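Trainee: One structure, as structure tokens, below. Some questions next.
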Amino acid sequence: MLIREEINGTEIECETGEYYFSPGRVDRGTRLMLETVPLKETDKVLDLGCGWGVVGIYAAKKLGPGQVVMCDVLEEAVALSTDNLKRNNLEGVKVIKSDGLKGVEDRDFTLILSNPPYHTDFAVAKAFIEDGFRKLAVGGRMALVTKRLDWYRNKMKTVFGGVKVYEVEDYYIFLSEKRAAHVVKEKKPARTMSKKLERKYAKKTAGRKPET
1345 MLIREEINGT
1355 EIECETGEYY
1365 FSPGRVDRGT
1375 RLMLETVPLK
1385 ETDKVLDLGC
1395 GWGVVGIYAA
1405 KKLGPGQVVM
1415 CDVLEEAVAL
1425 STDNLKRNNL
1435 EGVKVIKSDG
1445 LKGVEDRDFT
1455 LILSNPPYHT
1465 DFAVAKAFIE
1475 DGFRKLAVGG
1485 RMALVTKRLD
1495 WYRNKMKTVF
1505 GGVKVYEVED
1515 YYIFLSEKRA
1525 AHVVKEKKPA
1535 RTMSKKLERK
1545 YAKKTAGRKP
1555 ET
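For the sequence shown, our numbering assigns the number 1345 to the initial residue and increments by one for each residue that follows.
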């Protein structure tokens, strides 16, 4: 199926297929993310979970093929994205078969864009966020679009130390910046008693059966 669409004044032409996410058009959430998150002229972009390639193709048309990397776990998606890059006269974009970011070696991206599979459990999204942090240069940004709020907001805030959330129509767009070279650790809950009292309480309750 051949589609032609315009995003922010940029025209794309892509072949899609019924086995891919949003085969008949550019997914609404993806479009809103691209319309919300600005690209900088110096950005090095990773399209994480590229599918048939719309995000990477858009970024390559805006910035140039040498500033974009695309990856997907499916070999068929890598092949289709490669064909669609040729269809849009974009030679030089690196397209990698990778389970999440495991096969991505670069660690100097300044922008990672992804529409993660949020209808499943959070294991994939967790890996995307944690590994994505490690692949960003300090000062780099990560943007995700989903229809779920709380888990993504909390996870992005935990890993990056902060997150901006844009609510557009019925989607949430999350944007975080890497401000340090290490993952921000979750704060431990404040103590409610001193260490001495904790030890005394532990001895007192040792061997006591839990209440049912």
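All residues carry an ideal CB built from backbone N, CA and C; glycine is no exception. Nothing here was measured: the structure is a model prediction, and the numbers come from that model.
1. Am I right that residue 1521 and residue 1497 are in contact with their C-beta atoms under 8 Å? What's the rounded C-beta distance?
2. By a C-beta neighbour count over all protein chains shown, 10 Å radius and 16 as the cutoff for buried, is residue 1491 buried or exposed?
3. Would a C-beta distance cut-off of 8 Å place residue 1454 and residue 1439 closer than the cut-off?
4. Going by Cα to Cα distance, which pick from 1359, 1379 and 1511 is closest to residue 1431?
5. Which ranges would you report for the alpha helix (DSSP H) in the segment 1401–1478 if only whole runs of at least 4 residues count?
6. What is the C-beta distance between residue 1429 and residue 1413, in whole angstroms, given that I count them as a contact (C-beta under 8 Å)?
7. For the segment 1482–1538, which segments carrying the alpha helix (DSSP H) assignment without a break, of at least 4 residues, lie completely within its bounds, in sequence order?
8. Do you know how far the Cα of residue 1476 is from the Cα of residue 1385?
9. In terms of alpha-carbon separation, which member of 1407, 1515, 1393 and 1348 lies closest to residue 1421?
10. What's the gap between the Cα of residue 1495 and the Cα of residue 1403?
11. Below 7 Å CB to CB, which residues in the same chain sit around residue 1374 once its five sequence neighbours on both sides are set aside?
12. Could you tell me the boundaries of the alpha helix (DSSP H) in which residue 1376 lies?
13. Can you check which of these residues, 1519, 1473 and 1503, is closest to residue 1509 by C-alpha distance?
14. Whose C-beta lies closer than 6 Å to the C-beta of residue 1451 among residues of the same chain, with five residues either side of it excluded?
15. Which residues bound the beta strand (DSSP E) around residue 1354?
16. Just confirm the distance between the C-beta atoms of residue 1405 and residue 1434, as a whole number of angstroms; I'd bet it's less than 8 Å.
Mentor: Straight from the coordinates:
1. Between residue 1497 and residue 1521 the Cβ distance is about 15 Å, and since that is not below 8 Å, they are no contact.
2. Flag for residue 1491 reads exposed.
3. no
4. 1359
5. 1419–1431
6. The pair is not a contact, with the Cβ atoms about 12 Å apart (cut-off 8 Å).
7. As for any alpha helix (DSSP H) of minimum length 4 sitting wholly inside the segment 1482–1538, the runs are 1494–1504, ordered along the chain.
8. 21 Å
9. 1393
10. In a straight line, the C-alpha of residue 1495 is about 28 Å away from that of residue 1403.
11. 1398, 1399, 1459 and 1489
12. Per DSSP, the unbroken alpha helix (DSSP H) holding residue 1376 starts and ends at 1372–1380.
13. 1519
14. 1479.
15. 1354–1359
16. 7 Å
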